[in-house]
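Just so you know, the sequences run in chain order P and U. Be aware that the first sequence starts at 1, since it is given in this note's numbering, and climbs by one per residue. Be aware that the second sequence starts at 1001, since it is given in this note's numbering, and climbs by one per residue. Where is the CB? At the ideal position from N, CA and C, for every residue including glycine.
Number of protein chains: 2
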Amino acid sequence: MAQKKIRVIQYGLGPIGIETAKLVTKKSGMELVGAVDISKDLVGRDLGEILGLDKTLGVRVTDNGKALFAKTGADVVLHTTGSRIRKIYPELEEIIQAGLNIISSSEELLFPLKENAELMKNVDNLAKKHQVTVLGTGVNPGFVMDALPLFLTAVCQDVKKIHMERIVDAGTRRYPLQKKIGAGMTTDAFYEKIGKKELGHVGLLESLYLVAEKLGMAFDDVIETIDPVVAEKAVKTQYFSLKPGDVAGIRHSVKGIKKEEAVITLDLRMYIGADDPHDSVHIVGIPEIKLRIEGGVAGDQATAAVLVNSVPVVINARPGLATVKDLPAAHFRG
Amino acid sequence: MAQKKIRVIQYGLGPIGIETAKLVTKKSGMELVGAVDISKDLVGRDLGEILGLDKTLGVRVTDNGKALFAKTGADVVLHTTGSRIRKIYPELEEIIQAGLNIISSSEELLFPLKENAELMKNVDNLAKKHQVTVLGTGVNPGFVMDALPLFLTAVCQDVKKIHMERIVDAGTRRYPLQKKIGAGMTTDAFYEKIGKKELGHVGLLESLYLVAEKLGMAFDDVIETIDPVVAEKAVKTQYFSLKPGDVAGIRHSVKGIKKEEAVITLDLRMYIGADDPHDSVHIVGIPEIKLRIEGGVAGDQATAAVLVNSVPVVINARPGLATVKDLPAAHFRG
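Written out as structure tokens, the structure reads:
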């Protein structure tokens, strides 16, 4: 007996949204029934063409989400428009009020930092009222520096410290990522942007606090540092040509401090030409766990995968705003 | 406000049961309220003394589970008496009928192989009837060769093959483990025991089929091989002295075959004096994932940890027989 397909709307058609929508088209159990984007270049065009498929999908991009949700029944919206909860809140509100579940790549949605707590509480209340589930997830945050280390602690009798590293060769990543890590800037310009909070990775603090909450850890202090990684030799990507001394990328760290010691450290380095890219988790505990993922989990492909693999989990979850650790872990299904 | 402590009964006081019960005594949110074992050496003694604590616990070991369950209210039973569902079924039945949740180290309980399907279905029905949750878990099976690789596939758009290795230096492990891998035997005696199914690791097939089911993979064939690993030089553990040529342990592999290719391989080597112990998972897919845990996840400590860390998850789960992938992943909580 044929199972009913899960009806999916893609909201946001930047590089991650396109990768996500393409993956949905490959899933036999899912069907793309709508797409939303504000870009004038995309509105009205067939999604198949935008995704680079060799066929049309009969789904035209619209910039009017509300009208789409009203006329097109769907089970879930894959939402990939932005990092900041303040920016995306009106979009989430519209989707939830239409009674649709949401899986979002918004980094801030992973876990409520103090400054976002009120808006996130609103999302939670609204989701419960409309009986839908909202999940913020991804690879980082959402997997390598939060869900994975927490998952590993299942085999620990005690956890004293966790040290996580993610070293990404940004030269292999999409343009917006290379841009947001400051590639090609002078170090002066870099620090100026840092001062204005225009550079840096969103989500490290969310990962830190998610891990801490689940482990039952409290910090005396949290230290965040953002510094440039400078190119030592000339290096060229599809988008940037760096001279020695140019900014190649970023080193962004957060540390949860307890009794003057870093008990949880997240050390993220994303730069063009990074040697030895990898993800690692070191749990100082009983037993000790030293995990390493060679090459690291490839960001863009993996982010699309996590969003799509989370669909069955979110559809079956209790209403409300969930975190990746409240739900059964997502997994691939062929 | 003080939260009510979770009331725990420890069922089975072999090495794993003792490690598990000790860990429960360290958890501020849990309380050991009973202990069951059939050993005449243990019955009637105070659990604190058996665990090697420097205090009594006011809990005496009994061999009458039924009477204990009737007079002592508890939330969950940590069950560590055996691997085989046929052997432990009457114990499970008694616990479930008393209305208690179960977390068991029984390897067969992880996932229903065909020959165990009927008994497992009975467990599931009985658990639903009495509104309790039953979970089979552990480190292997339960974590390194099933839950972990499945967890990793969350970031995969496609999974073509998975290769898992676990190399354990059995010289560091408990006596029952060293014995069950054939340490100290001649290779002839080893193969004789294999013929009688008296040797080998229980749980590899359970892990294989759990992974396959969750990934939606079907096999044309499954190949299982068990061979001795022979000591190349003299080696001594707390329990065994091996001469060169003696059996040092076991290599036990299972492979799920599709179109004449191994699409899922579990390769377990447990032997005294193993070089380079580790756990590894290699996912051939999009993206490719190469994970390695240096030294491997230490078996006995970790098994106790998984059982105890699963308590909050199981207590909050829907009634029935669950698998480790149906529930939110367990994690440490301090």
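Nearest neighbour of residue i, chosen from the options [CA to CA]
| i | options | result |
| --- | --- | --- |
| aspartate 1221 of chain U | U:Ser1241, U:Val1235, U:Glu1192, U:Val1254 | U:Val1254 |
| isoleucine 1226 of chain U | U:Val1202, U:Ala1234, U:Thr1133 | U:Val1202 |
| alanine 1305 of chain U | U:Ile1181, U:Arg1251, U:Ser1104 | U:Ser1104 |
| glycine 1249 of chain U | U:Val1229, U:Lys1161, U:Ile1289 | U:Val1229 |
| glycine 171 of chain P | P:Lys66, P:Glu108, P:Leu242 | P:Leu242 |
| leucine 135 of chain P | P:Leu177, P:Ala231, P:Val314 | P:Val314 |
| lysine 1114 of chain U | U:Met1030, U:Tyr1209, U:Ser1039 | U:Tyr1209 |
| glutamine 1238 of chain U | U:Val1281, U:Lys1214, U:Gly1184 | U:Gly1184 |
| glutamate 198 of chain P | P:Gln131, P:Ile16, P:Leu307, P:Gly182 | P:Gly182 |
| glutamine 3 of chain P | P:Met270, P:Ile16, P:Ser28, P:Lys193 | P:Ser28 |
| glutamine 301 of chain P | P:Val139, P:Glu91, P:Ser106 | P:Val139 |
| glycine 285 of chain P | U:Gly1142, U:Ala1322, U:Ala1298, U:Lys1129 | U:Ala1298 |
| tyrosine 1271 of chain U | U:Lys1290, U:Lys1005, U:Leu1291, U:Gly1200 | U:Gly1200 |
| threonine 1133 of chain U | U:Ala1329, U:Asp1326, U:Pro1328, U:Ala1317 | U:Ala1317 |
| leucine 1051 of chain U | U:Leu1215, U:Ala1021, U:Gly1142 | U:Ala1021 |
Cα-Cα separation, residue i to residue j
| i | j | result |
| --- | --- | --- |
| leucine 110 of chain P | glutamate 1294 of chain U | 30 angstroms |
| threonine 186 of chain P | aspartate 246 of chain P | 5 angstroms |
| leucine 53 of chain P | isoleucine 167 of chain P | 33 angstroms |
| lysine 1179 of chain U | lysine 1196 of chain U | 16 angstroms |
| methionine 120 of chain P | methionine 217 of chain P | 22 angstroms |
| proline 1312 of chain U | aspartate 1075 of chain U | 10 angstroms |
| threonine 62 of chain P | lysine 258 of chain P | 50 angstroms |
| alanine 234 of chain P | histidine 278 of chain P | 23 angstroms |
| tyrosine 11 of chain P | asparagine 64 of chain P | 11 angstroms |
| leucine 32 of chain P | lysine 26 of chain P | 10 angstroms |
| serine 1083 of chain U | glutamate 1206 of chain U | 12 angstroms |
| leucine 126 of chain P | valine 8 of chain P | 21 angstroms |
| leucine 23 of chain P | glutamine 1157 of chain U | 7 angstroms |
| lysine 71 of chain P | aspartate 124 of chain P | 25 angstroms |
| glycine 58 of chain P | glycine 73 of chain P | 15 angstroms |
| methionine 1001 of chain U | phenylalanine 219 of chain P | With a pLDDT of 47 at methionine 1001 of chain U, under the threshold of 50, the predicted position of this residue should be treated as unreliable, though the coordinate-derived value follows. Those two C-alpha atoms are separated by around 21 angstroms. |
| arginine 1045 of chain U | asparagine 1309 of chain U | 27 angstroms |
| leucine 1013 of chain U | threonine 1080 of chain U | 7 angstroms |
| glutamate 19 of chain P | glutamine 1131 of chain U | 43 angstroms |
| alanine 1035 of chain U | alanine 262 of chain P | 39 angstroms |
| alanine 992 of chain U | valine 1324 of chain U | Since the first residue of chain U shown is 1001 and the last is 1334, residue 992 of chain U is not available in this structure. |
| leucine 47 of chain P | histidine 1282 of chain U | 34 angstroms |
| aspartate 326 of chain P | alanine 1329 of chain U | 8 angstroms |
| leucine 100 of chain P | tyrosine 89 of chain P | 15 angstroms |
| lysine 1087 of chain U | threonine 1056 of chain U | 31 angstroms |
Residue i at chain P interface by Cβ criterion, 9 angstroms
| i | result |
| --- | --- |
| phenylalanine 1332 of chain U | yes |
| glutamine 1238 of chain U | no |
| leucine 1327 of chain U | yes |
| alanine 1262 of chain U | no |
| phenylalanine 1151 of chain U | yes |
| methionine 1217 of chain U | yes |
| valine 1306 of chain U | yes |
| leucine 1113 of chain U | no |
| leucine 1023 of chain U | yes |
| glycine 1207 of chain U | Before going further, note that residue 1207 of chain U is serine rather than glycine in the sequence given. No, serine 1207 of chain U lies away from the interface with chain P (no Cβ there is under 9 angstroms from its Cβ). |
| serine 1253 of chain U | no |
| asparagine 1116 of chain U | no |
| alanine 1147 of chain U | yes |
C-beta neighbour in chain U for residue i, strict 9 angstroms
| i | result |
| --- | --- |
| leucine 51 of chain P | no |
| lysine 121 of chain P | no |
| serine 104 of chain P | no |
| lysine 180 of chain P | no |
| serine 39 of chain P | no |
| alanine 302 of chain P | yes |
| proline 319 of chain P | no |
| leucine 340 of chain P | No information on residue 340 of chain P is available, as it lies outside the stretch 1 to 334 that chain P covers here. |
| isoleucine 18 of chain P | no |
| glycine 14 of chain P | no |
| serine 241 of chain P | no |
Residue environment, residue i, which counts as buried when at least 16 other CB atoms sit within 10 Å
| i | result |
| --- | --- |
| tyrosine 175 of chain P | exposed |
| aspartate 188 of chain P | exposed |
| aspartate 276 of chain P | exposed |
| glutamate 260 of chain P | exposed |
| glycine 1256 of chain U | buried |
| isoleucine 1223 of chain U | exposed |
Discussion item. Give me the subset of the region 1273-1300 of chain U whose CB atoms are less than 8 angstroms from a CB atom of chain P, sorted by chain position.
Written reply: Gly1285, Ile1286, Pro1287, Glu1288, Ile1289, Lys1290, Leu1291, Arg1292, Ile1293, Glu1294, Gly1295, Val1297, Ala1298
Fill in: Against chain P: residues of the region 1152-1177 of chain U by CB proximity under 7 angstroms
Thr1153, Ala1154, Val1155, Cys1156, Gln1157, Val1159
Item to complete: Determine which residues of the region 1070-1102 of chain U have a Cβ less than 8 angstroms from any Cβ of chain P, and write them out in chain order.
Response: none
Worksheet item: In chain order, what residues of the region 134-145 of chain P put their CB closer than 7 angstroms to some CB of chain U?
Response: Val139, Phe143
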